[in-house]
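According to the numbering used here, the residues represented by the sequence shown are 4 to 307, in order.
Some notes on the structure that comes next.
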Amino acid sequence: MKGMLAGKVAIVTGGGRGIGRGVALLMASEGARVVVCDIGASLEGEGTDASPAQQVVEEIKRVGGDALASTLSITDPKNAEEIVKVALTAFGRIDILVNNAGILRDRIFHRMSWSDWSDVLAVHLNGSFNMSRACAVHFREQNGGAFVHMTSTSALVGNFGQANYMAAKFGIVGLSRGIALDMQRFKVRSNCIAPFAWTRMIDSIPMDTPEEKMRVERMQQMTPEKIAPLTVYLASDSGEGISGQIFGVRNNEIFLFGQPRVVRTIHRSDGWSPENISQQLKGALGPSFTPLERSSDVFSWDPI
4 MKGMLAGKVA IVTGGGRGIG RGVALLMASE GARVVVCDIG ASLEGEGTDA
54 SPAQQVVEEI KRVGGDALAS TLSITDPKNA EEIVKVALTA FGRIDILVNN
104 AGILRDRIFH RMSWSDWSDV LAVHLNGSFN MSRACAVHFR EQNGGAFVHM
154 TSTSALVGNF GQANYMAAKF GIVGLSRGIA LDMQRFKVRS NCIAPFAWTR
204 MIDSIPMDTP EEKMRVERMQ QMTPEKIAPL TVYLASDSGE GISGQIFGVR
254 NNEIFLFGQP RVVRTIHRSD GWSPENISQQ LKGALGPSFT PLERSSDVFS
304 WDPI
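Laid out in structure tokens, this is it:
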């Protein structure tokens, strides 16, 4: 098949539904051979179902593409190695990894259990590490490759009841940046996308107030397939030179996010004590504090 990804092999985690499905299908239509990874769990990570991944594979094959399914859990490093091995055995190489798989365990923080915390990090952050590490050695050997990791504005801006999800998704930003720095000499690129899309991952957003209901109605306009074009571009050779960045996609908008940098400084030649910090810090730095906003506060205009 011809296309922007002709001759390349991609692994897409969480590829059976939502954003991952849209990415897998578009990558295949752009010429990539695709390994669709999805255990078919519920939104909270319970149970398994082989059919979502297999259905995407069948869709790809019906239009002349090439794909295979994996239902191995990416939370186990050995499974990640096996997924990469399967790709190499079937297709001979690996060029692209899209870290998209995830679960939700939304809880207000003082009610969040250890399993709520650890299970979410295990899939999002540990799973992204496991898959990235399994691919990294092959990217290094072939002197090229592309990682695309899904983060979230819940992490970059904030949201209620998602401390576990926010920590995991912010961790992915650090993972991506670290990969980008460590592997740039091997022509390996690593970027993040914060997707706005109506999927089962956000279908649990409350609609208890008119404001929340209006927010959900806006978000329903944003289909998962809108995330795929930027993902394909960043994974393609056309994305050469772009690495360590954080993008966002909302309907027909593409955002580039800033990354933490010093915004203001104060100093005293005689050093600091708690007392003189108390006298100066709020007045000097307070105007530059980042407010406790949610994603909906920052992205307050209707999707374009």
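Heads up, the beta-carbon is just placed ideally off N, CA and C, and yes, glycines get one too.
Computed from a predicted model, the values in this text were never measured in an experiment.
Can you tell me whether DSSP reads residue i as helix, strand or coil?
| i | result |
| --- | --- |
| THR156 | helix |
| PRO294 | coil |
| ILE42 | coil |
| GLY188 | It is Arg, not Gly, that sits at residue 188 in the sequence shown. Helix. |
| VAL265 | coil |
| PHE142 | helix |
| GLY286 | helix |
| THR234 | helix |
| GLY50 | coil |
| ILE307 | coil |
| PHE173 | helix |
| SER272 | coil |
| SER179 | helix |
| LYS5 | coil |
| GLY21 | helix |
| GLY244 | coil |
| LYS11 | coil |
| ALA35 | coil |
| SER299 | helix |
Just list the residues that DSSP pairs residue i with in beta bridges.
| i | result |
| --- | --- |
| GLY161 | Looking at the DSSP assignment, GLY161 forms no beta bridge with any residue, so it has no partner. |
| LEU259 | PHE250 |
| THR16 | CYS40 |
| SER193 | PHE150 |
| PRO198 | VAL252 |
Taking a contact to mean a Cβ-Cβ separation below 8 Å, would you say residue i touches residue j in this structure?
| i | j | result |
| --- | --- | --- |
| MET225 | ARG253 | yes |
| LEU8 | VAL235 | yes |
| MET169 | ALA158 | yes |
| ILE86 | LEU75 | yes |
| VAL59 | ARG36 | no |
| HIS2 | ILE97 | This structure leaves residue 2 out entirely; the chain is present only between 4 and 307. |
| VAL298 | VAL160 | Sequence inspection shows Ser at residue 298; the Val mentioned does not correspond to that position. Result yes, Cβ atoms of SER298 and VAL160 sit closer than 8 Å. |
| ARG55 | GLY43 | According to the sequence provided, residue 55 is Pro. The question's Arg does not apply to it. Cβ distance < 8 Å, so PRO55 and GLY43 count as in contact. |
| ASP52 | GLY23 | no |
| ILE230 | ILE280 | no |
| ILE111 | GLY48 | no |
| PHE250 | ASN194 | yes |
| LEU91 | SER135 | no |
| ALA149 | GLU84 | no |
| VAL26 | ASN103 | yes |
| ASN146 | PHE94 | no |
| ASP109 | GLY164 | yes |
| SER241 | ARG192 | no |
| SER131 | LEU178 | yes |
| ASN133 | PRO80 | yes |
| MET238 | MET186 | Note on residue identity: the sequence assigns Ala, not Met, to residue 238. Their beta carbons are not under 8 Å apart, which means ALA238 does not touch MET186 by this criterion. |
Does the CB of residue i have a neighbour CB from chain C at under 8 Å?
| i | result |
| --- | --- |
| VAL59 | The structure shown has no chain C; it contains just one protein chain. |
Who are the Cβ neighbours of residue i in its own chain at under 7 Å, not counting the five residues just before and after it?
| i | result |
| --- | --- |
| ALA171 | VAL123, LEU124, HIS127, LEU128 |
| VAL266 | SER291 |
| ALA31 | VAL37, ILE63, GLY68, ALA70 |
| ALA259 | Reading the sequence as shown, one finds Leu at residue 259 and not Ala. Around LEU259: GLN248, PHE250. |
| TRP275 | none |
| ILE307 | ASN254, ASN255, GLU256 |
Quick one: what's got a C-beta closer than 6 Å to residue i's C-beta in the same chain, skipping five residues either side?
| i | result |
| --- | --- |
| ALA287 | ILE269 |
| ASN82 | LEU75, SER76 |
| ALA72 | VAL39, ALA56, GLN57, VAL60 |
Check whether the Cβ of residue i lies closer than 7 Å to any heavy atom of the ligand GDP, and answer yes or no.
| i | result |
| --- | --- |
| PRO306 | This structure simply doesn't include the ligand GDP, nor any ligand for that matter. |
Just to confirm my understanding: we take residue i, look at its own chain, exclude 5 residues before and 5 after, and list those with CB closer than 8 Å. What are they?
| i | result |
| --- | --- |
| CYS34 | The residue you asked about is not Cys; residue 34 is Gly in the sequence shown. If we look at GLY34 and ignore the five residues flanking it on each side, its Cβ neighbours are MET4, LYS5, GLY6, MET7, LEU8, ALA9, GLY10, LYS11. |
| GLY50 | GLY43, ALA44 |
field: Those runs of the alpha helix (DSSP H) which lie wholly inside the region 58 to 139 and span at least 4 residues
entry: 80 to 94, 117 to 124
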